[in-house]
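Chemist: Protein chains in written order, with this note's numbering: chain F, 1 to 224; chain B, 225 to 448. One structure coming up, written as structure tokens, with questions to follow.
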């Protein structure tokens with residue numbers, strides 16, 4: 001792709017298809033920012049021409065997205081080798097305008113395309129899972145009871161190299177300031193997702209300290 | 225479907241495919257509860273065998289899901305008549321266990337299957353849009369500048385009759401109480417999405433009151 005600067009994903013029919021009339025970006029860092037901020041993603045597959053959309057927790061290393069599931073899942077098995085569309089979306093607010101037509105939402109959404117592959121090397125899979133947990137909760141992996149071979153065997157790690165991707169963001173007041181004479185409230189009702197006060201497991205020994213790293217994560221307002 | 229009680233969706237290969245080893249429900253009211261609580265959905269289509277997953281705001285009337293978009297969107301145009309999978313997911317918390325394997329998330333997710341259709345009768349489309357706005361923000365429609373014929377023409381309303389659907393919910397402490405002797409904090413870090421303080425549009429006349437219905441909605445903690 002000699003005409004595509006390396007800091008953007010290629011612009012194709014596939015990644016462009018839903019972006020008519022909308023501001024978007026193919027810049028890798030813009031795409032990554034949304035993927036990395038989103039606590040979950042929705043993975044879409046077409047199996048025998050039927051669409052399936054499943055939510056899951058993803059993680060990313062460079063251009064590679066990872067997710068995982070039960071090795072016993074016939075569904076995960078059936079998607080290995082299939083084309084996938086991974087979409088990460090966060091809703092940031094309702095945009096209340098003067099006309100129904102100008103109502104909107106503020107949001108961030110990234111859409112990435114590629115092929116779902118199984119990470120079949122157990123060492124690679126184990127390492128990916130460790131980076132998944134550490135990426136979410138720094139310091140946690142080493143505090144846990146070590147993963148057993150059995151557990152690793154029961155877990156399928158999937159990955160998808162991002163071939164194409166686009167991000168769309170709306171972060172603005174209502175788009176109809178010219179209608180300010182309509183006597184109705186207009187503006188944005190922000191929407192925010194936060195982590196709340198931790199709820200200890202019922203059987204947790206009372207003296208067990210809450211990890212500082214988790215406390216910092218919660219306080220930061222980030223979701224991962 | 226004489227053997228299917230009318231309060232559940234049919235259990236098929238399609239709706240069952242990802243539910244191995246997981247608690248789920250096909251009960252209509254359970255499915256509706258998740259669909260109706262979720263501020264957005266992800267719609268998946270397969271176009272020429274390629275999966276696409278796009279976020280949007282949905283609304284529901286009985287077994288019919290609605291969403292909308294720009295009539296100029298080649299994407300929306302291309303999905304009319306296509307099979308669709310609409311998934312609504314809310315993440316309710318991180319479940320922190322003693323092993324990486326037992327880490328999980330609390331969540332609610334509904335997955336519905338059907339065929340995307342265009343609402344091509346303009347009166348039906350206008351009425352659906354009114355019910356969309358009123359469903360989100362009771363009382364708002366009549367306070368707005370009326371929708372023009374032009375605006376209605378520029379809006380495509382899509383609908384999908386739910387043929388099959390399933391819902392999955394996890395709402396529980398960590399699943400490994402037998403490992404309580406592992407010296408690490410275990411429990412749930414709840415995640416909650418809330419609406420925040422409204423931000424008036426810059427040009428909004430200062431004396432414009434904030435609608436009581438919206439204030440009540442924000443205070444209720446519901447997201448729609």
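In this text, a Cβ means the ideal position worked out from N, Cα and C, and glycines have one as well.
Please report whether the beta-carbon of residue 111(F) lies at a distance below 9 angstroms from any beta-carbon of chain B.
Modeler: Chain B, which has a Cβ nearer than 9 angstroms to the Cβ of residue 111(F), makes this yes.
Chemist: Could you give the distance in angstroms between the alpha-carbon of residue 213(F) and the alpha-carbon of residue 198(F)?
Modeler: Using only the alpha carbons, I get a separation of about 13 angstroms.
Chemist: In three-state terms, what does DSSP make of residue 52(F)?
Modeler: Strand, per DSSP.
Chemist: Just to make sure I have the definition right: I need the residues of chain B whose C-beta is within less than 9 angstroms of the C-beta of residue 141(F). Which are they?
Modeler: Here the neighbours are 324.
Chemist: State yes or no: is the C-beta of residue 425(B) within less than 9 angstroms of the C-beta of residue 173(F)?
Modeler: Yes. Within cutoff.
Chemist: So with CB distances below 9 angstroms, who are the chain F contacts of residue 434(B)?
Modeler: Under the 9 angstroms cutoff, chain F gives 185, 187.
Chemist: Is the segment 331 to 347 of chain B in contact with the segment 148 to 156 of chain F, if contact means three or more CB pairs nearer than 8 angstroms?
Modeler: With a cut-off of 8 angstroms, the segment 148 to 156 of chain F and the segment 331 to 347 of chain B do not count as touching, because too few Cβ pairs lie within range.
Chemist: Would you mind stating whether residue 343(B) and residue 382(B) have Cβ atoms separated by less than 9 angstroms?
Modeler: Against a cut-off of 9 angstroms, the Cβ pair of residue 382(B) and residue 343(B) comes out as a contact.
Chemist: In angstroms with no decimal places, state the Cα-to-Cα distance between residue 21(F) and residue 367(B).
Modeler: For residue 21(F), the pLDDT reaches just 40, beneath the cut-off of 50, and the residue's location in the model is therefore unreliable, although a value from the coordinates is still provided. Cα to Cα, residue 21(F) sits roughly 28 angstroms from residue 367(B).
Chemist: Go ahead and label residue 124(F) buried or exposed: buried means 16 or more other beta carbons lie within 10 angstroms of its beta carbon, across all protein chains shown.
Modeler: Answer is exposed; the Cβ neighbour count stays below 16.
Chemist: For residue 319(B), report the span of its beta strand (DSSP E) as first-last.
Modeler: That run of the beta strand (DSSP E) goes 307 to 320.
Chemist: Could you tell me if residue 168(F) is buried or exposed, where buried requires 16 or more neighbouring beta carbons within 10 angstroms of its beta carbon?
Modeler: Residue 168(F) is buried by the Cβ-count criterion.
Chemist: Determine the chain B residues that contact residue 199(F) at a beta-carbon separation under 7 angstroms, and present them in chain order.
Modeler: The answer, in chain order, is 411, 412, 414.
Chemist: Please confirm if residue 281(B) has its CB atom under 9 angstroms from at least one CB of chain F.
Modeler: It does; some Cβ of chain F falls within 9 angstroms.
Chemist: If we define contact as Cβ-Cβ less than 9 angstroms, is residue 317(B) a contact residue for chain F?
Modeler: It does; some Cβ of chain F falls within 9 angstroms.
Chemist: Please state the DSSP three-state secondary structure of residue 448(B).
Modeler: Reduced to three states, the DSSP call for residue 448(B) is coil.
Chemist: For a contact defined as C-beta to C-beta under 8 angstroms, what are the partners of residue 214(F) on chain B?
Modeler: Those within 8 angstroms of residue 214(F) in chain B are 320, 409, 413.
Chemist: List, in chain order, every chain B residue whose beta-carbon is nearer than 7 angstroms to that of residue 105(F).
Modeler: Result: 281.
Chemist: Under 9 angstroms, do residue 233(B) and residue 292(B) count as touching if we go by C-beta distance?
Modeler: Their beta carbons are not under 9 angstroms apart, which means residue 233(B) does not touch residue 292(B) by this criterion.
Chemist: With C-beta atoms as the reference, is residue 360(B) less than 9 angstroms away from residue 448(B)?
Modeler: Cβ atoms of residue 360(B) and residue 448(B): closer than 9 angstroms.
Chemist: Short check: CB of residue 417(B) to CB of residue 194(F), under 9 angstroms?
Modeler: Yes.
Chemist: Closer than 7 angstroms by C-beta to residue 138(F): which residues in its own chain qualify, once you throw out the five before and the five after it? Chain order, please.
Modeler: Excluding positions up to five away in sequence, the list reads 213.
Chemist: For residue 273(B), count neighbouring Cβ atoms within 10 angstroms of its own Cβ and tell me buried if that reaches 16, exposed if not.
Modeler: With fewer than 16 Cβ atoms within 10 Å of its Cβ, residue 273(B) is classed as exposed.
Chemist: Report buried or exposed for residue 93(F), applying the criterion of at least 16 other Cβ atoms within 10 angstroms of its Cβ.
Modeler: Burial call: buried.
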